[in-house]
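Heads up: the structure comes next, in structure tokens.
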Amino acid sequence: MVNDKGYYGEFGGAFIPEMLYPNVEELRRCYVEVSESDDFQKDFRRLLKDYVGRPSPLYLAERLSEHYQTNIYLKREDLNHTGAHKINNTIGQILMAQRLGKKRIIAETGAGQHGVATATVCALMGVECIVYMGEVDIERQAPNVGRMKMLGAEVRPATSGSKTLKDATNEAIRDWINNPEDTHYIIGSVVGPHPYPDMVARFQSVISEEMLWQLEEQTGKEDPDIIVACVGGGSNAAGSYYHYLNKENVRLIAVEAAGMGIHSGESAATSVLGTKGVIHGSRTLLMQTEDGQIIEPYSISAGLDYPGIGPMHAHLIDTGRAEAISITDEDAVKAAFFLARTEGIIPALETAHAFAALDVLEYRKDDIIVINLSGRGDKDLAIFSKYFDQHE
Amino acid sequence: MNRIEKLFAERQKDILNIYFTAGYPGLNDTETIILSLEKAGVDLIEIGMPYSDPLADGPTIQESGQIALQNGMTLDLLFQQIASTRSKTEIPLVMMGYFNQVMQYGEERFLKACVNAGVDGLILPDLPLYEYEHQFKDLFEKYGLCISFLITPQTPEERIKKVDELTRGFIYMVSNASITGAKKGISEQQVDYFERIGAMQLSHPRLIGFGISDHETFSTACQYSKGAIIGSAYIKKMSKSENIEQTTLDFVSMVRGRRSSAVSPQSSD
Ligand SMILES: Cc1ncc(COP(=O)(O)O)c(C=O)c1O
Chain W
1 MVNDKGYYGE FGGAFIPEML YPNVEELRRC YVEVSESDDF QKDFRRLLKD
51 YVGRPSPLYL AERLSEHYQT NIYLKREDLN HTGAHKINNT IGQILMAQRL
101 GKKRIIAETG AGQHGVATAT VCALMGVECI VYMGEVDIER QAPNVGRMKM
151 LGAEVRPATS GSKTLKDATN EAIRDWINNP EDTHYIIGSV VGPHPYPDMV
201 ARFQSVISEE MLWQLEEQTG KEDPDIIVAC VGGGSNAAGS YYHYLNKENV
251 RLIAVEAAGM GIHSGESAAT SVLGTKGVIH GSRTLLMQTE DGQIIEPYSI
301 SAGLDYPGIG PMHAHLIDTG RAEAISITDE DAVKAAFFLA RTEGIIPALE
351 TAHAFAALDV LEYRKDDIIV INLSGRGDKD LAIFSKYFDQ HE
Chain F
393 MNRIEKLFAE RQKDILNIYF TAGYPGLNDT ETIILSLEKA GVDLIEIGMP
443 YSDPLADGPT IQESGQIALQ NGMTLDLLFQ QIASTRSKTE IPLVMMGYFN
493 QVMQYGEERF LKACVNAGVD GLILPDLPLY EYEHQFKDLF EKYGLCISFL
543 ITPQTPEERI KKVDELTRGF IYMVSNASIT GAKKGISEQQ VDYFERIGAM
593 QLSHPRLIGF GISDHETFST ACQYSKGAII GSAYIKKMSK SENIEQTTLD
643 FVSMVRGRRS SAVSPQSSD
């Protein structure tokens, strides 16, 4: 889908300062060859199976299906080690970093799930790990900060801008500029300069690879009618769409965070509010002023609180291949309580946006819908608990 | 030949390029700063377009950009300020910023505005060589603007040759792989790098930037190139300045290794 310069249609590329060129170019030259080598695949597959616990189950949610009068399957990425899809990518990237001889790992994190997944693989491989996290997110995702520290990572606060994911990413990029020789930057989503969006999508594609045979086993056909995933940068969405991208019969739904409402001024609904521009080294859709200044986004969910989307999603949405839906904070929280009480599963706030989309999505009774359950909600209990009164 | 090329044709050494962030410390200080820098003996001025997310910049330039944006700086206002200053000076002016700013303004519209305001060149650290060559080179040539690309200690030789081929004006030689304002002093390792690049006999002059802050680092840089670029050290001084003209004169005198005098209406270089 991506061309050799890293473009998905008109989106993508590598708009990076020259200081980053050697590292990004090294990665670009070898990411396909290395990740497709037998030696790499052997380690990657073994760790995904024995360490992460893959394949993650595909679960027919009967009570939810009954409520919505359709057939809803949940792809249980929440059951992975560390509790989200993020670890599929960090396992891949740490193996890549080892093969490039890198000794020091940096990462950015919003919800803390990618930070935890990075800290985890660094502990596993015995390498130094520094995670940049916005000050606001350090506060609202405190349990994950504790987990990163327990795993031996250093968490460095990002204090500029809105002190969230965008700013953490800026700091990680600056760190990489300052440490050009020994460091690998494990980006946590399908964002950043080429080859990151494609590399991360490939590592996450294990999700849709499993869906093919799991659906065949359970429903008699590989293809669902609809796949629903939340989109921050878009890695869990990319992973769950990947093997279905060329199957036009499968509808792809990208669920963004509307925050307090799309036009409230406090939103992260990039596909609606965004225009074409460059963020974090990639030409994509982003929220910006007429003068090209990036607008500070807002969402209750730290993992969706980002003013851009990955170039692959910009292309999918721009060409109409994927449909975007935006969900407010309030509706996401409501959906999280509903899932908890109908299926006994507490989703991450990010993931809850995907579930809320069921209330606005058009579907048929005999459709097969897969929702990518990207992560579990333990980290969000402090936020959910503020809503206990409303959900007695 | 535009003003930048003319400067390098006329002067072979000790060229001093000073960066300031437009809109900082005050929204309307652009003209005062440019004229003060010229009066103090600076050869070339780099005007920073403040940006919300300046990836290649350290805390000093980031903060000055934040304040400039809060002050209300916009590209239209900046072009107006430069145009009105241009009637009073012939000093070469380079604009530095991030590619997204140019893209949103509209690439051709931006280049036209540069020419109309009297800007001579651009530095866009996140505009890659590849994109420039395939999408923008013809436009830049049409408008006769200079463009500087960056090289770092890690830039491979082949790519340095490409930079030399695509640059018009001067090559921006980053002294040490880092963001701006990050490191002080010049190490032996850096000197090796300066010598290595010097030996390549590139067709364009080089200015060394990043980590140049005082007389010592400026003189060392000048031994290995046509001159140097100073940003963060000047912004730091400006942050405490009560008189832009005096602060600028003192700063430039310090860098040049000259004694500074008080600013008076008659004073000249
Ligand atoms: C559980 C979960 N889902 C989704 C996301 C959003 O990221 P992406 O869009 O890359 O999947 C995050 C990010 O932190 C997350 O933790």
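Chains as they are written, first to last, in our numbering: chain W, 1 to 392; chain F, 393 to 661. Don't be surprised by glycine CBs; every beta carbon is placed ideally from N, CA and C. All of these numbers come straight from a predicted model, not from anything done at the bench.
Check	Outcome
Top-ranked residue by Cα proximity to F:I627, from F:F471, F:F562, F:G573, F:I515	F:G573
Within chain F, the residues that W:G110 reaches when beta carbons sit closer than 7 angstroms	Neighbours of W:G110 on chain F: none; closest Cβ ~16 angstroms, over 7 angstroms.
Cβ-Cβ separation, F:I636 to F:S428 (assumed contact under 8 angstroms), whole Å	6 angstroms
Start-to-end residues for the alpha helix (DSSP H) that takes in F:F491	491-497
is_contact[F:V566, chain W] using C-beta, thresh 9 angstroms	yes
Simplified DSSP state of F:Y411, which is helix, strand or coil	strand
Beta carbon proximity, F:D661 to chain W, threshold 9 angstroms	Only weak support is given to the placement of F:D661: the predicted model assigns it a pLDDT of 42, under 50, and the value that follows is read from those uncertain coordinates. Not an interface residue.
Contacts that F:T452 makes with chain W (C-beta to C-beta distance below 8 angstroms)	Simply none; closest approach about 13 angstroms.
CB contact below 9 angstroms: F:M495 versus chain C	No chain C appears in the structure shown, which is made up of the protein chains W and F.
From F:F643, F:I539, F:A620, residue whose alpha carbon lies closest to that of F:I578	F:A620
Sheet register partners of W:M133 (DSSP bridge)	W:T109, W:P157
Backbone secondary structure at W:Q293 - three-state DSSP	coil
Heavy atom of ligand 1 within 8 angstroms of F:Q581 beta-carbon	no
Complete runs of the alpha helix (DSSP H) confined to the stretch 225-267 of chain W [at least 4 residues]	235-241
W:Q288 in three-state terms, based on DSSP	strand
DSSP three-state assignment for F:H514, whether helix, strand or coil	Per the sequence presented here, residue 514 of chain F reads as Leu, with His not at that position. Residue state, collapsed to three classes: strand.
W:L339: CB within 8 angstroms of a non-hydrogen atom of ligand 1	no
C-alpha gap between W:L58 and W:A332, whole angstroms	22 angstroms
Span of the alpha helix (DSSP H) around W:V34	21-36
From W:Y31, W:T109, W:I186, residue whose alpha carbon lies closest to that of W:A158	W:T109
Sequence-distant residues of the same chain with beta carbon closer than 6 angstroms to W:A61, five excluded per side	I72, L74, E343
Where F:A475 falls: helix, strand or coil (DSSP)	helix
Residue-level contact to chain W via CB, F:A475, 9 angstroms cutoff	no
Counted within 10 angstroms of its Cβ, other Cβ atoms place W:E210 as buried (16 or more) or exposed	buried
The stretch 469-489 of chain F in contact with the stretch 420-437 of chain F per 3-pair CB rule at 8 angstroms	yes
Of the residues F:P548, F:V494, F:E533, the one placed nearest F:Y443, counting alpha carbons only	F:V494
beta-carbon W:T109 near ligand 3 non-hydrogen atom, thresh 8 angstroms	As far as ligands go, the structure on display features ligand 1 and does not contain ligand 3.
Inter-residue Cα distance where the pair is F:G513 and F:I539	5 angstroms
Chain W within 9 angstroms of F:Y490, Cβ atoms only	yes
Reference F:L485; option with closest CA among F:S456, F:V434, F:S653	F:V434
Assigned exposure category for F:A401 - 16 Cβ within 10 Å defines buried	exposed
First and last residue of the uninterrupted alpha helix (DSSP H) at W:G401	Examination of residue 401 of chain W is not possible in this model, given that chain W is present from 1 through 392 alone.
CB contact check: W:P224 to chain F, cutoff 9 angstroms	no
Boundaries (first-last residue) of the beta strand (DSSP E) holding W:L48	Where W:L48 is concerned, there is no enclosing beta strand (DSSP E), given that its DSSP letter is neither H nor E.
beta-carbon W:A237 near ligand 1 non-hydrogen atom, thresh 8 angstroms	yes
Under 9 angstroms from the C-beta of F:I543: neighbouring residues of chain W	E18
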